[in-house]
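This report refers to the structure that appears directly beneath it.
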Amino acid sequence: MTIKRNIDIARLTTFGIHAKAAAVVTYSSLEELEQIIADKSLPTPIVHIGEGSNLLFTDDFPGTLLINEGDSVEFIGLDDNEILVTADAGIPMDLLCGFAAEFDFWGIENLSGIPGSVGAAVVQNVGAYGVEFKDVFVEADAIEVATGKHRKFTLDEMNYGYRYSLLKSQEWKGRYFIYRVKFRLSEVPNPKLDYGNLRSSVGESPTLAEIRKAIIAMRDSKLPNPSEYGSAGSFFKNPVVSHSEFERIVAENPELEIPSYPAPDGIKIPAAFLIDKCGLKGHQLGNASVWHKQPLVIVNHTGNATGSEILALERLIVATVEKRFGITLHPEVEHI
Ligand code: EPU
35 MTIKRNIDIA RLTTFGIHAK AAAVVTYSSL EELEQIIADK SLPTPIVHIG EGSNLLFTDD
95 FPGTLLINEG DSVEFIGLDD NEILVTADAG IPMDLLCGFA AEFDFWGIEN LSGIPGSVGA
155 AVVQNVGAYG VEFKDVFVEA DAIEVATGKH RKFTLDEMNY GYRYSLLKSQ EWKGRYFIYR
215 VKFRLSEVPN PKLDYGNLRS SVGESPTLAE IRKAIIAMRD SKLPNPSEYG SAGSFFKNPV
275 VSHSEFERIV AENPELEIPS YPAPDGIKIP AAFLIDKCGL KGHQLGNASV WHKQPLVIVN
335 HTGNATGSEI LALERLIVAT VEKRFGITLH PEVEHI
């Protein structure tokens, strides 16, 4: 376990924004996590972070940031060609996608290249190219921050939706820290190729390794290279509107062919399209800018952006899209 005080957290988030945290604590075992939770002298609030790939610190942070450095992963073969994976929650999602590809275990290949830890994947139901983490999730082991009590969260309890779980709801947010995750993969090939032009780029019966390679290439072609530009991936969620709202938008914009996808509670429109049509692609505000290849992403363009500059650009995008289309975008990135 390490406890460091008054730390610059630029390296702890993928945005690379400079801000100070009163304390940063790392741990690598359940016993250490229990000690940390029992230690009432740490600055509060205590916020558990993963790889910091979905976080925006808008100012210095007066509390403690907690990081799981446990590195245990276990693959257990079950009777029915299924593999049960048990992983410490801090393990990067893409490391697990890489292992799965090496062993030819199917289920998370479409999530290749997503930054962030597997614990964060559980909480925010990460998704890409037609697969969401909920599709493989089995259960997570968690500890209650206020009491140190243990409990499991099963698939049924998690109430998963698009970039949503029970643990993101107002009532449950921040109450539990997840320290271990169980999910299920399969030895039986099951390519999911329906998203965008994935099928045309890999053919009808690709190997798992071919899918992983194609997904990483697609992401690399659109998303900023993290070693060059700090970002948090998609900054906004794709909005879901009602059918009548969608008809209104189509009627008001006869010159546009508005892309749309059916969603459980309405119609999903790509936020990237709306931002693009507002002419904001590449738009720069101070040290922050809208990524020129995928306008759903805000980048720390110069490396010197502050949290408030990113926030100012976020507000400009929301206001512009609202004025042009009457749709309110909501950030996917969590603000701290
Ligand atoms: N589009 C434009 N202009 C652009 C780029 C995209 O109009 O410059 C429109 C196009 O109509 C395109 C559509 O947006 O078809 C969708 O674009 P894309 O396939 O890149 O997906 P997205 O909806 O923008 C979502 C996820 C990504 C994930 C991709 C692929 C969210 C918030 N984002 O983006 O996730 O990689 O699909 O599945 O759902 C992330 O969460 O950080 C992330 C990168």
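Numbering (this note's numbering), first residue to last: 35 to 370. Beta carbons are placed, not taken as given, at the ideal position from N, Cα and C, and that holds for glycine.
Alpha carbon to alpha carbon, how far is residue 165 from residue 226? Give it in angstroms, no decimals. 8 Å
Can you check which of these residues, 361, 358, 303 and 257, is closest to residue 331 by C-alpha distance? 257
Which residue's Cα is closest to the Cα of residue 137: 108, 239 and 45? 108
Three-state secondary structure assigned by DSSP to residue 236: helix
With H, G and I counted as helix, E and B as strand and the rest as coil, what does DSSP make of residue 354? helix
Using the Cα positions of residue 235 and residue 93, report the straight-line distance between them to the nearest angstrom. 43 Å
My output table needs one value for residue 153: the three-state DSSP class, helix, strand or coil. helix
Who are residue 290's beta bridge partners in DSSP? In DSSP, residue 290 forms no bridge with anything.
Report back the beta-carbon spacing between residue 122 and residue 146 to the nearest angstrom; my notes put them in contact at under 8 Å. No, residue 122 and residue 146 are not in contact; Cβ-Cβ is about 20 Å, not under 8 Å.
Residue(s) in a DSSP beta bridge with residue 216: 120 and 173
Residue closest to residue 368, alpha-carbon to alpha-carbon, out of 341, 358 and 351: 341
Near residue 307, what residues of its chain come up, given a Cβ to Cβ distance below 8 Å and the 5 sequence neighbours on each side ignored? 292 and 293
Could you please give the first and the last residue of the uninterrupted alpha helix (DSSP H) stretch that includes residue 361? Taken as a continuous stretch (DSSP letters only), residue 361 belongs to no alpha helix (DSSP H), as it is neither H nor E.
Could you tell me if the beta carbon of residue 233 falls within a distance shorter than 8 Å of some heavy atom in ligand 1? no
Using the rule of at least 16 other Cβ atoms within 10 Å of the residue's Cβ for burial, across every protein chain shown, is residue 112 buried or exposed? exposed
Going by beta-carbon coordinates alone, are residue 266 and residue 49 separated by less than 9 Å? yes
Going straight from the alpha carbon of residue 187 to that of residue 176, what length do you get? 7 Å
Compute the Euclidean distance between the alpha carbons of residue 302 and residue 148, then round it to the nearest angstrom. 21 Å
Could you give the distance in angstroms between the alpha-carbon of residue 79 and the alpha-carbon of residue 327? 37 Å
Closer than 8 Å: residue 358 CB and nearest ligand 1 heavy atom: no
Anyone know if the C-beta pair for residue 334 and residue 51 falls short of 9 Å? yes
Closest residue to residue 105 among 209, 363 and 130 (Cα-Cα distance): 130
Can you say whether residue 98 is buried or exposed, counting buried as having 16 or more other CB atoms within 10 angstroms of its CB? buried
Contact under 9 Å by Cβ, residue 185 with residue 210: yes
Count the other CB atoms, across all protein chains shown, that sit within 10 Å of the CB of residue 238; report buried if there are 16 or more and exposed otherwise. exposed
For residue 92, the residue or residues it bridges with in DSSP: Beta-bridge pairing links residue 92 to no other residue.
Indicate whether residue 224 and residue 198 have their beta-carbon atoms separated by less than 9 Å. no
Using the three-state DSSP reduction, which class does residue 69 fall into: helix, strand or coil? helix
Looking at the unbroken alpha helix (DSSP H) that takes in residue 134, where does it start and where does it end? 127-137
Nearest-angstrom Cα distance between residue 290 and residue 196? 26 Å
Is it true that the CB of residue 140 sits closer than 9 Å to the CB of residue 242? yes
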